[in-house]
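K.L.:
Got a structure for you, questions after.
Chains as they are written, first to last, in the numbering used here: chain G, 2 to 351; chain V, 6 to 223.
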């Protein structure tokens, strides 16, 4: 038996009160996880949807060229410009298959392709499946190469085939339909320079609206964090209250501990341990409930593919560590009071 | 090395009650030899309990020099005082002051410097409490609870036991039994013991009786 066992014992013997104290932390932690998780997931979803527009400049073949692809030499010229970075290329082309004009599009981020069946790799739209009678595992011949279909997307009323960007580029002899890039200069000036210096390309700057949307989602994350933080704070205040009552109720017990030679530091440590334990338990239970809430909400909102984004490790560990740390801090004042008790008066306490 | 377990040199303990000052100890000079068994008696308010609290470093004197086993308590830090209490002093209280939520074995192992369950059980056995290790204090009689308190006081092999009215809540049979245990501890183990009591029958078990009045020995 030591003081830490005693602290654990105290939580166990006052089950209802410990549970009610933890309830405050549980609600706070669960709210924090759900609000921040769902907002983080929604932010990820918005970012995934808008990322293709989140480049400072988008370079495509000029309409005057009559081509929808830029050749390897043009691509190389663009990529070698010192004021451009973070390149992302997309290659899209059309191919006639069995009398149908099918659009092939290179994919960098498969999250943007909503799969109905199968896996990423070579994904056909439902219309392609219906019109050409293809299914997962069927072979599709493109530019003298055979691709095996791995999935079906929920793109409707369009004859689309999504393939890895690398494959798309290789099929078109390293040609690219669009290059997205960031720049450290003024996007418009850079765009004008590129159009002037590289022939046959057209450059557009990113939509400011998209930037605003992303900024708004970031602000929403902060705001939700603030609201949920208040919920957790209320829980923490209940820890201060409980620990103060506990110290008052146990005045005599604390007097006995002092009389039997426990140092002030040991007594303080046991009170902090007890409050930290309440915070840790409340935090862990709250996070578990929060995760359950996220799964339910993601299913309702049909955002299940974003579930991993909704429960990032920093959020889970941060909430548990935060609840524990704040509870330890909440125990500081009661612990100081306990350690400063006058032994003689404490022993007289009824 | 001092021959005295307790030394008080002109020790004062003054309380302020509004505008009035009350001297619970008024220049107390007192020495108790190692291995002595002493009863401190006197009317209520004579300063006996204050003497015991100061001797046990539960309370600090307003002025004067106090030594326990040769160590001057006022020169020690709060932490060192707590360690001295744990290593050198065993307390027995009138109302037992056991932890009600713990078993009697846990009550003994909690303050142990090095937890040794076997040693705790042996001490409980010597107090006639064998087989009751898992009982909680509330399940024991007053006499048994006080024997647990004595066992707890002995757990770290103290140099001195300080007992505040150890028989105050017990009937005469149990009171005699507790005093017999204390006398045996003093005679056979050489533990110095000081008891504060109103009970002359309890005091009769000791080797010397000090009478206190108005914060001093008379």
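For each residue, glycine too, the CB sits at the ideal point set by N, CA and C.
These numbers were taken from a predicted model, which means no experiment stands behind them.
1) Please give me, in chain order, every unbroken run of the alpha helix (DSSP H) with length at least 4 that falls completely inside the stretch 142 to 180 of chain G.
2) Determine the chain G residues that contact residue 129/V at a beta-carbon separation under 7 angstroms, and present them in chain order.
3) Among 219/V, 24/V, 174/V and 166/V, which one has its Cα closest to the Cα of residue 58/V?
4) What is the rounded straight-line gap between the Cα of residue 339/G and the Cα of residue 294/G?
5) Using 8 angstroms as the cut-off, can you tell me whether the stretch 104 to 112 of chain V makes contact with the stretch 136 to 143 of chain V, which would need three or more C-beta pairs spanning the two stretches below that distance?
6) Could you tell me which of 210/V, 137/V, 196/V and 191/V sits nearest to residue 172/V, measuring between CA atoms?
7) Along chain G, which residues have their Cβ under 8 angstroms away from the Cβ of residue 203/V?
8) Kindly indicate the opening and closing residues of the beta strand (DSSP E) around residue 252/G.
9) Quick one: is residue 197/V buried, meaning 16 or more other Cβ sit within 10 Å of its Cβ, or exposed?
10) Among the candidates 32/G, 18/G and 48/G, whose CA atom is the shortest distance from the CA of residue 215/G?
11) Just to confirm the assignment, what range does the beta strand (DSSP E) spanning residue 1/G have?
12) Counting along the chain, where does the beta strand (DSSP E) carrying residue 341/G start and finish?
13) On the three-state DSSP scale, how would you describe residue 209/V?
14) Within its chain, find whatever has a CB closer than 6 angstroms to the CB of residue 245/G; leave out the 5 residues flanking it on each side and keep chain order.
15) When the distance is taken between beta carbons, is residue 75/V closer than 9 angstroms to residue 9/V?
16) Output the distance between the C-alpha atoms of residue 42/G and residue 297/G, rounded to the nearest integer angstrom.
17) So, are the CB atoms of residue 56/V and residue 30/V less than 9 angstroms apart?
18) Using three-state DSSP, classify residue 217/V as helix, strand or coil.
19) List, in order along the chain, the chain G residues whose C-beta lies closer than 9 angstroms to that of residue 152/V?
20) How would you call residue 263/G, buried or exposed, if buried means at least 16 neighbouring beta carbons within 10 angstroms?
21) Quick one, are the C-beta atoms of residue 126/G and residue 161/G less than 9 angstroms apart?
22) Could you give the DSSP three-state label for residue 239/G: helix, strand or coil?
23) I'd like the list of long-range same chain contacts for residue 70/V, defined as Cβ closer than 6 angstroms, with 5 residues on each side in sequence excluded.
24) How big is the Cα-Cα spacing for residue 2/G and residue 282/G?
25) Does DSSP classify residue 62/G as helix, strand or coil?
26) With a threshold of 16 other CB atoms inside 10 Å of the CB of residue 36/G, please say whether the residue is buried or exposed.
27) With a threshold of 9 angstroms between beta carbons, is residue 60/V in contact with chain G?
28) For residue 142/G versus residue 172/G, is the C-beta spacing smaller than 9 angstroms?
29) In the DSSP assignment, find the unbroken beta strand (DSSP E) run with residue 122/G in it and report its ends.
30) Per DSSP, what kind of secondary structure is residue 103/V in: helix, strand or coil?
31) Check residue 182/V in the structure and name its three-state DSSP category.
32) Where residue 151/G and residue 136/G are concerned, what is the direct C-alpha to C-alpha distance, given to the nearest angstrom?
33) To test your reading of the DSSP string, which unbroken beta strand (DSSP E) runs of 3 or more residues are found completely within the stretch 138 to 179 of chain V?
34) Report the three-state DSSP secondary structure of residue 27/V (helix, strand or coil).
35) What do you get for residue 301/G, buried or exposed, if any count of 16 or more other CB atoms within 10 angstroms of its CB means buried?
36) Rounding to the nearest angstrom, what Cα-Cα distance links residue 200/G and residue 306/G in this structure?
P.N.:
Well, looking at it:
1) 166 to 172
2) Residues of chain G passing the Cβ test: none, with the nearest at roughly 14 angstroms.
3) 166/V
4) Spanning the alpha carbons of residue 339/G and residue 294/G requires a straight line of approximately 39 angstroms.
5) yes
6) 210/V
7) Near residue 203/V there are no residues of chain G at all, since even the closest Cβ is about 17 angstroms away, more than 8 angstroms.
8) No beta strand (DSSP E) holds residue 252/G; the alpha helix (DSSP H) holding it covers 252 to 260.
9) buried
10) It is 48/G.
11) Residue 1/G lies beyond the range of chain G shown here (2 to 351); nothing can be said about it.
12) Residue 341/G -> no beta strand (DSSP E), and no H or E assigned at all.
13) coil
14) Around residue 245/G, the same chain offers 335 as residues with beta carbons nearer than 6 angstroms, after the five sequence neighbours per side are excluded.
15) yes
16) 13 angstroms
17) yes
18) strand
19) Per Cβ cutoff of 9 angstroms: no residues; residue 152/V is ~17 angstroms from chain G at best.
20) buried
21) yes
22) helix
23) 14
24) 22 angstroms
25) strand
26) buried
27) no
28) no
29) Premise fails: residue 122/G is in no beta strand (DSSP E) and is neither H nor E.
30) Three-state result, residue 103/V: coil.
31) helix
32) If you take the alpha carbons of residue 151/G and residue 136/G, they lie about 8 angstroms apart.
33) 165 to 169
34) Strand at residue 27/V.
35) exposed
36) Residue 200/G and residue 306/G: Cα-Cα distance of roughly 42 angstroms.
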